[in-house]
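What follows is a short report on a single structure.
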Amino acid sequence: MKTLINVATGASAAMVVVTADMALPRVLAGLTTAGLVSVADRPKTGRARPISLTPAGRTLLDQAHTIVLETEERMLAGLPPGEVRRLAALPTACAENLS
Numbered sequence: 001m002k003t004l005i006n007v008a009t010g011a012s013a014a015m016v017v018v019t020a021d022m023a024l025p026r027v028l029a030g031l032t033t034a035g036l037v038s039v040a041d042r043p044k045t046g047r048a049r050p051i052s053l054t055p056a057g058r059t060l061l062d063q064a065h066t067i068v069l070e071t072e073e074r075m076l077a078g079l080p081p082g083e084v085r086r087l088a089a090l091p092t093a094c095a096e097n098l099s
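Mapping to the numbering used here: the sequence shown position 60 is 60, numbers consecutive.
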């Protein structure tokens, strides 16, 4: 799972939160207002300002991750291992069909 564990640039943050680069300022503003991320006042190098999860953001991400894992476990319960592997491979096959 891709996460903003420590620090990320805006471009990599856009990929992590699955949003267009143009929408990222709005997304970051909401996350910052909610106290989930902090954006550095100044860049360490270049123009990119580092983005970090706050302790509250880390807690929420950990809770969400636990819920996702529990849901996945329930969803796959009873499926034979071969079917689980096939299910995991299908999205990749679909994406390859589109490229």
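Glycine is no exception: its CB is placed at the ideal position from the N, C-alpha and C atoms.
Item	Value
Thinking just about the alpha-carbon of each residue, which of A48, T54, T45 and L24 is nearest to the one in G35?	T54
Just the Cα atoms here: how many angstroms apart are T32 and L24?	12 Å
I'd like to know whether the C-beta atoms of A40 and R49 end up nearer to each other than 9 Å.	yes
Below 8 Å on the Cβ atoms is my contact criterion, and I expect G57 with V37 to pass it. Report the Cβ-Cβ distance as a whole number of Å.	5 Å
Using the C-alpha atoms, what's the distance from G82 back to R26?	42 Å
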